[in-house]
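Numbering of the sequence shown is given in full-length UniProt numbering, commencing with residue 1 and proceeding in unit increments.
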Amino acid sequence: MYFHYFRNNARAVMEASAFHTKLKSYEMSLAAGKENEMDDAELEFAHRYFSWKRVRGGGIKVIPDEEAILAAQKDFGIFVILSNLHASPWDALRRYRRRNDIETSYRVVKSDLDGRKPRVWTMTSVRGKEICRHVALGYRFVLQSMMERTAQEAERRANDESLGKTVRKQYEKLTAWIRSMTLKQLLDWFDCVERVEVRNRVAQYRWSTETTARDQMFLELFFDESD
């Protein structure tokens with residue numbers, strides 16, 4: 001099991017600001033004698049970070065628990081990812097962020113398909129639709145992982161001094177091309193490549209609808225299972 005700790009400094013500042021605003025509000029409420037107006041959760045928060053007592057003249061002295069406040073602030077901006085597969089924190093974070101794709105798939109079906117929404121009327125059909133959705137997302141995530149692995153391998157070969165300069169330059173261009181493509185663009189690129197005979201030499205130079213040398217390099221790396 002791998003534990004990955006991340007800290008977002010900007011989020012830490014925002015959480016600290018909100019926390020101190022909340023502390024100030026509680027301190028003012030306690031000093032005003034509004035303890036009886038608090039519910040159980042609010043009282044628990046107040047007891048965790050303050051102590052208070054009545055003093056001469058009937059006023060209430062509120063004392064912040066600085067140690068507890070400092071201890072709480074240590075966790076601001078931090079979140080943890082547990083993974084039984086990814087030792088690299090960046091791989092774990094990339095996989096974690098794919099939850100956004102899952103949420104987007106539901107939003108698209110509910111909001112963006114208009115009259116073409118796939119409607120179902122029985123619980124069996126609902127289960128079937130959800131199975132299809134997750135199978136499709138599974139394929140998508142696998143293809144995204146393969147695409148990223150291909151880009152990393154192309155980048156590694158572009159920096160491999162044992163290869164010739166021309167070959168390394170080709171891998172460098174391949175890496176840049178992959179990084180510039182989304183998964184949909186990549187699938188569209190390889191969708192039903194047509195073979196067209198072009199007799200004009202100038203057109204042959206400028207126009208190619210067949211797989212290029214770059215495409216062949218990509219496909220060799222994309223389907224390479226030796227890693």
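Glycine is no exception: its CB is placed at the ideal position from the N, C-alpha and C atoms.
Can you check which of these residues, 8, 164, 70, is closest to residue 19 by C-alpha distance? 70
Please state whether DSSP places residue 52 in a helix, a strand or coil. strand
Using CA atoms only, rank isn't needed, just tell me which of 60, 15, 21, 139 is closest to residue 34. 60
If contacts are defined as beta-carbon pairs under 8 Å, then residue 50 and residue 15 qualify, I think. What distance do you get, rounded to the angstrom? Not quite, the Cβ-Cβ distance comes to about 19 Å (not below 8 Å), so this is no contact.
Can you tell me which of 93, 88, 153 puts its alpha carbon nearest to the alpha carbon of residue 79? 93
Around the Cβ of residue 218, are there at least 16 other Cβ atoms within 10 angstroms (buried) or fewer (exposed)? buried
DSSP state of residue 173, grouped into three classes? helix
Could you pull the DSSP bridge partners for residue 7 from this structure? 78
Contact belief for residue 146 with residue 186 at Cβ below 8 Å, rounded distance in angstroms: With a Cβ gap of about 10 Å, residue 146 and residue 186 do not count as contacting.
Residue 145, DSSP secondary structure in three states: helix
Among 126, 141, 82, 221, whose alpha-carbon lies nearest the alpha-carbon of residue 100? 141
Taking the C-alpha atoms as reference points, what is the distance between residue 32 and residue 54? 11 Å
Backbone CA spacing between residue 62 and residue 30 [nearest angstrom]: 7 Å
In its own chain, which residues sit with a C-beta less than 7 Å from the C-beta of residue 98, not counting the 5 before and 5 after it? 141
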